[in-house]
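Data first, discussion second: the structure below is written as structure tokens.
Chains as they are written, first to last, in our numbering: chain A, 1 to 430; chain B, 431 to 673.
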């Protein structure tokens, strides 16, 4: 069989074993030379792909909820969407949520995901008070926030063990609605100014037209939001539009992307406008289209996401956006965001600065372009997000992550290096 | 809110059915031969959905216990869902009478025993719903699986007659015919991806069909077509095939 991640690239033959019980896992760890944990397959590249895969989604019991402090204990295969279905109606929401709710708790920890409120709340690990993990020797350890194993595992891409369960704290909400403010800017300078001046909003993210050139380079729609104070809590996932098959790969081209971007930008009012939107449309717009990854065709796609330190962001982004618009390999979804301070985890992606994420379909010439972009990222002391990556070189990766040696030593010391590996970890020699 | 009684609650499909009904506000009676096997599921559902979950010992082949089991339920359920099933390899079932009889009894005799009792009550009360998980394997006997298949065929026939009888009392009866489902029972088999349903999808299909008062549900729906074709192959050809 062939299990692959969201980018549908690479596809290799692999052997999947379902995580059902601790005793079953113990035997699996003892007898399996090398494998990687796999959640719901929403990382984009090869970070959860290997010949042997431990499929964790069926390990998904809720274990305990502390109504007073809003702390949920659950198994690692639970999806964020399941938490929302249970708890929004009782007035609770995730403290940190990425742009899809279709990921597992284990995946959220392993990628140390972040969301539109990173500048205020930080990464997912900040709402994790403890978790349980099975190590390479089969021991189960309870890991408290701040310990070395915690710092290595949060953002550690599943390379320290199999996360079994976690305690996460939720936040109180009074409404399922978001007060959204949309700011339309016409160039990169305005975009940066808008991010700075609207910093007090809980949530912020910008959609950027990466095919715009010249004076319009960096024009964007900046979406800002806070939860409303009143309104109902009647949250139900709606039925989904489905993309039933892979689009032909020529469907996405320079023209169709330009047309989409033009329409999307033109539809928003000039200047500042206000809307009231639901949780799903604010946080998870793409989750409403099942299998949206198929629009990139059967060869798949990748997401290129990097971050640059704040002081270098403007110049670096200008260079990168120019390069992309010249290449004509644009994408619908180019997302820009200003991040807050970095945490102490060894391999977490966020640092204080601007991050840009772009989707590209896999085609001839793409990886050469991305190698060029890597050079600019390196020049400005930036880094690449492993959760999205499928092709970065060892050198580029290492330059972005100064703690990598610490992480490698930790893996070595605890006999993790042989046991837990993905195609990605072998490629960049994590 | 009303209770739904789930018989055979230990299976992967039953687990998702239970979660789905709880999500929609139903309280649950969950039954298995050894109810302690269900305590994790009980906790899971209570944390997820804030409904009442009671776990009960119930052996579907201990026919003489069925009446008292139903009578001791303090609040009678609004609906019952029979998920119990037993499948062993055909080769074993055709050689070993104990295995063969157990296949028939778990899939058919036991279900009849408990449903006779419950349907009499529902008929009298003129309300309620009954859901039986049968199988596409019951649509036509094949050499690869005909002992299990024939027990499911009998169960499907029983449900069909029960539906006919209870129609005028306003009690609905849903026959569910899953095709391939990715569960513990099928973990070792190599199932074609496009024809294989996840338990959670089966559960949602069942909930929707039951709420809509449907009679027969194939899940995934493509199995309706597949079985239509298989049922219509003339016997003189069918007997030569290996499908």
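Don't be surprised by glycine CBs; every beta carbon is placed ideally from N, CA and C.
Quick check on DSSP: helix, strand or coil for residue i?
i: residue 154(A); result: coil
i: residue 13(A); result: coil
i: residue 71(A); result: strand
i: residue 523(B); result: helix
i: residue 512(B); result: strand
i: residue 167(A); result: strand
i: residue 472(B); result: helix
i: residue 354(A); result: strand
i: residue 60(A); result: coil
i: residue 130(A); result: strand
i: residue 207(A); result: strand
i: residue 427(A); result: helix
i: residue 181(A); result: strand
i: residue 271(A); result: coil
i: residue 505(B); result: coil
i: residue 390(A); result: coil
i: residue 232(A); result: coil
i: residue 530(B); result: helix
i: residue 213(A); result: coil
i: residue 583(B); result: helix
i: residue 462(B); result: strand
i: residue 662(B); result: helix
i: residue 484(B); result: strand
i: residue 567(B); result: helix
On the premise that residue j lies in contact with residue i, defined as a C-beta separation below 8 Å, what is that separation, rounded to the nearest angstrom?
i: residue 606(B); j: residue 558(B); result: About 17 Å separates the two Cβ atoms, so there is no contact after all.
i: residue 577(B); j: residue 541(B); result: 16 Å between Cβ atoms; not a contact.
i: residue 316(A); j: residue 264(A); result: That pair is no contact at about 25 Å.
i: residue 629(B); j: residue 446(B); result: 4 Å
i: residue 136(A); j: residue 421(A); result: About 11 Å separates the two Cβ atoms, so there is no contact after all.
i: residue 653(B); j: residue 591(B); result: With 8 Å as the limit, residue 653(B) and residue 591(B) do not qualify as a contact, their Cβ atoms being about 23 Å apart.
i: residue 10(A); j: residue 390(A); result: 7 Å
i: residue 170(A); j: residue 70(A); result: 4 Å
i: residue 188(A); j: residue 89(A); result: Their Cβ separation, rounded to whole angstroms, is 41 Å, which puts residue 188(A) and residue 89(A) out of contact at 8 Å.
i: residue 96(A); j: residue 115(A); result: 5 Å
i: residue 403(A); j: residue 346(A); result: 4 Å
Enumerate in chain order the residues of its own chain whose CB-to-CB distance from residue i is below 6 Å, with the five nearest sequence positions on each side excluded.
i: residue 411(A); result: 417
i: residue 656(B); result: none
i: residue 168(A); result: 72, 127 and 128
i: residue 249(A); result: 297 and 299
i: residue 561(B); result: 511, 604 and 640
i: residue 544(B); result: 496
i: residue 93(A); result: 171 and 173
i: residue 145(A); result: 129
i: residue 224(A); result: 181, 198, 201 and 204
i: residue 37(A); result: 54, 56, 158 and 162
With 16 as the cutoff for other CB atoms within 10 Å, does residue i come out buried or exposed?
i: residue 304(A); result: buried
i: residue 39(A); result: buried
i: residue 431(A); result: Nothing can be reported for residue 431(A), as the shown portion of chain A is limited to 1 through 430.
i: residue 442(B); result: buried
i: residue 160(A); result: buried
i: residue 68(A); result: exposed
i: residue 468(B); result: buried
i: residue 194(A); result: buried
i: residue 424(A); result: buried
i: residue 8(A); result: buried
i: residue 365(A); result: exposed
i: residue 375(A); result: exposed
i: residue 523(B); result: buried
Give every residue of the same chain whose Cβ lies closer than 7 Å to the Cβ of residue i, excluding the five residues on either side of it in the sequence, and list them in chain order.
i: residue 644(B); result: 604
i: residue 538(B); result: 581, 584 and 585
i: residue 294(A); result: 243, 245, 246 and 247
Looking at residue i and the ligand SAM, is the gap between the Cβ and the nearest heavy atom below 7 Å?
i: residue 542(B); result: The ligand SAM is absent from the structure shown, which contains no ligands of any kind.
Tell me which same chain residues have a C-beta within less than 8 Å of the C-beta of residue i, skipping the five on either side of it?
i: residue 571(B); result: 579, 580 and 583
i: residue 378(A); result: 396, 399 and 400
i: residue 647(B); result: 604, 605, 606, 607, 635, 636 and 639
i: residue 268(A); result: 182, 184 and 221
| query | Can at least three beta-carbon pairs, one atom from the stretch 522–532 of chain B and one from the stretch 480–489 of chain B, be found at a separation below 8 Å? | reply | no
| contact_flag[the stretch 150–164 of chain A, the stretch 105–112 of chain A] where n(CB pairs < 8 Å) is 3 or more | yes
| task | Could you tell me whether the stretch 349–365 of chain A touches the stretch 376–396 of chain A, using the rule of 3 or more Cβ pairs below 8 Å? | result | yes
| task | Evaluate contact between the stretch 77–86 of chain A and the stretch 44–53 of chain A, counting only Cβ atoms and requiring at least three cross-stretch pairs below 8 Å. | result | They do not touch, by the three-pair rule.
| Does the stretch 175–189 of chain A come within contact of the stretch 58–70 of chain A, defined as at least 3 CB pairs closer than 8 Å? | no
| query | Using 8 Å as the Cβ pair cut-off and three pairs as the minimum, do the stretch 456–466 of chain B and the stretch 431–442 of chain B touch? | reply | Contact check between the stretch 456–466 of chain B and the stretch 431–442 of chain B: three or more CB pairs, one atom from each, fall below 8 Å, which counts as touching.
| query | If we count Cβ pairs, one from each stretch, closer than 8 Å, do we get three or more for the stretch 312–329 of chain A versus the stretch 266–283 of chain A? | reply | With the rule of 3 Cβ pairs closer than 8 Å, the stretch 312–329 of chain A does not count as touching the stretch 266–283 of chain A.
| message | Taking contact to mean 3 or more Cβ pairs, one atom from each stretch, closer than 8 Å, check whether the stretch 337–345 of chain A and the stretch 201–208 of chain A are in contact. | response | yes
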